[in-house]
Ligand SMILES: C[S@@+](CC[C@H](N)C(=O)[O-])C[C@H]1O[C@@H](n2cnc3c(N)ncnc32)[C@H](O)[C@@H]1O
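Numbering (the numbering used here), first residue to last: 15 to 276.
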């Protein structure tokens with residue numbers, strides 16, 4: 015029951031209120047002639063979450079948000095997308111942290127889906143420099159601690175999750191290519207990682223599948239990287255209004271023009 019209530023709160027209360035609060039912060043800073051230090055200028059088009067899913071309700075597990083987790087509104091959206099993926103397909107998450115998103119994806123997705131979640135261990139060497147402010151998310155006590163909490167009570171859910179370790183810029187993603195109905199990119203926020211994680215996400219997502227990125231408009235490397243990609247490839251990346259999520263669905267390729275064979 016409480017999972018439903020937090021789901022309703024996340025998408026129908028928290029999300030619209032965070033839009034109002036953002037507008038208010040911008041307005042009051044302008045009134046006081048202050049610069050908006052942490053509110054970045056964003057240029058991707060915004061759409062409502064309702065344009066991306068037919069679901070109108072999600073359930074939320076592990077509702078309390080730690081420093082490093084996505085917001086409850088963003089988690090509601092992600093869970094709604096997970097609810098409608100094809101059964102038996104893969105979901106890939108880059109960036110496990112405490113496992114809050116992983117366990118939610120496992121509860122929300124159809125029974126035969128597999129959730130793969132990749133995390134960096136603190137002692138691992140990285141290909142590129144991480145951002146200073148994200149070191150605490152790497153140096154946590156244990157990766158995926160929230161998944162472990164369900165080991166006894168919800169064995170079948172925990173069994174859906176495969177925990178992987180490595181640096182996303184060096185990890186071999188090839189066995190997941192063209193198999194994922196959902197890829198969630200929430201690893202390092204450094205520009206180089208955004209680019210390399212996105213390149214792999216594009217290869218992993220199958221036709222009809224979705225990629226969701228977190229922290230657009232919050233971490234400079236993410237914002238810059240996603241806007242550059244959109245300017246270059248015109249893929250149709252969109253920001254989900256009142257969130258820091260960017261959304262993209264891989265469409266069927268357009269049928270070839272066959273007039274020449276008529
Ligand atoms: C923002 S947290 C993820 C939060 C999580 N999605 C949630 O809300 O529950 C980022 C995670 O990415 C991991 N990470 C950072 N750099 C990485 C890298 N190069 N390769 C793999 N994982 C990385 C960090 O260890 C951390 O666990």
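Here a beta-carbon is modelled for each residue, glycine too, at the ideal position from N, C-alpha and C.
What you are looking at is a predicted structure, and each value in this text was computed from that prediction instead of being measured.
Sort the options by Cα distance to residue i and report the nearest one.
i, options, result
"residue 258", "222, 150 and 231", "231"
"residue 99", "55, 221 and 269", "221"
"residue 201", "107, 138, 23 and 223", "107"
"residue 133", "166, 167, 97 and 183", "183"
"residue 88", "189, 22 and 191", "22"
"residue 78", "114, 179 and 15", "114"
"residue 145", "186, 205 and 190", "205"
"residue 31", "256, 265 and 269", "256"
"residue 189", "214, 270 and 16", "214"
"residue 142", "177, 196, 246 and 181", "181"
"residue 80", "154, 226, 269 and 227", "154"
"residue 266", "192, 243, 246 and 244", "192"
"residue 227", "120, 245 and 196", "196"
"residue 170", "152, 147, 156 and 127", "127"
"residue 54", "109, 151 and 229", "229"
Quick test of your reading: residue i and residue j, contact by CB under 8 Å. State the CB separation rounded to the nearest angstrom.
i, j, result
"residue 105", "residue 254", "Residue 105 to residue 254, Cβ: 18 Å. No contact."
"residue 224", "residue 95", "6 Å"
"residue 125", "residue 162", "With 8 Å as the limit, residue 125 and residue 162 do not qualify as a contact, their Cβ atoms being about 21 Å apart."
"residue 25", "residue 237", "Wrong, their Cβ atoms sit about 24 Å apart, outside the cutoff."
Using beta-carbon positions only, say whether residue i and residue j come within less than 8 Å of one another.
i, j, result
"residue 194", "residue 218", "yes"
"residue 175", "residue 103", "no"
"residue 75", "residue 117", "yes"
"residue 73", "residue 122", "yes"
"residue 135", "residue 179", "yes"
Within 10 angstroms of its Cβ, does residue i collect 16 or more other Cβ (buried), or is it exposed?
i, result
"residue 149", "exposed"
"residue 261", "buried"
"residue 166", "exposed"
"residue 112", "buried"
"residue 28", "buried"
"residue 93", "buried"
"residue 164", "buried"
"residue 15", "exposed"
"residue 147", "exposed"
In whole angstroms, give me the CA-to-CA distance for residue i and residue j.
i, j, result
"residue 263", "residue 172", "27 Å"
"residue 82", "residue 58", "24 Å"
"residue 160", "residue 91", "20 Å"
"residue 203", "residue 211", "10 Å"
"residue 97", "residue 138", "34 Å"
"residue 239", "residue 208", "6 Å"
"residue 234", "residue 19", "34 Å"
"residue 276", "residue 64", "Residue placement at residue 276 cannot be trusted, given a pLDDT of 49 that sits under 50; what the coordinates show is reported in the next sentence. Straight-line Cα distance between these residues: approximately 41 Å."
"residue 158", "residue 46", "43 Å"
"residue 249", "residue 84", "25 Å"
"residue 140", "residue 186", "14 Å"
"residue 177", "residue 241", "30 Å"
"residue 120", "residue 168", "10 Å"
"residue 269", "residue 251", "22 Å"
"residue 247", "residue 66", "21 Å"
"residue 245", "residue 110", "29 Å"
"residue 68", "residue 152", "35 Å"
"residue 243", "residue 17", "36 Å"
"residue 156", "residue 33", "33 Å"
Is the closest heavy atom of ligand 3 to the C-beta of residue i under 7 Å?
i, result
"residue 112", "Because ligand 3 does not appear in the structure shown, any question about it cannot be addressed here, the ligands present being ligand 1."
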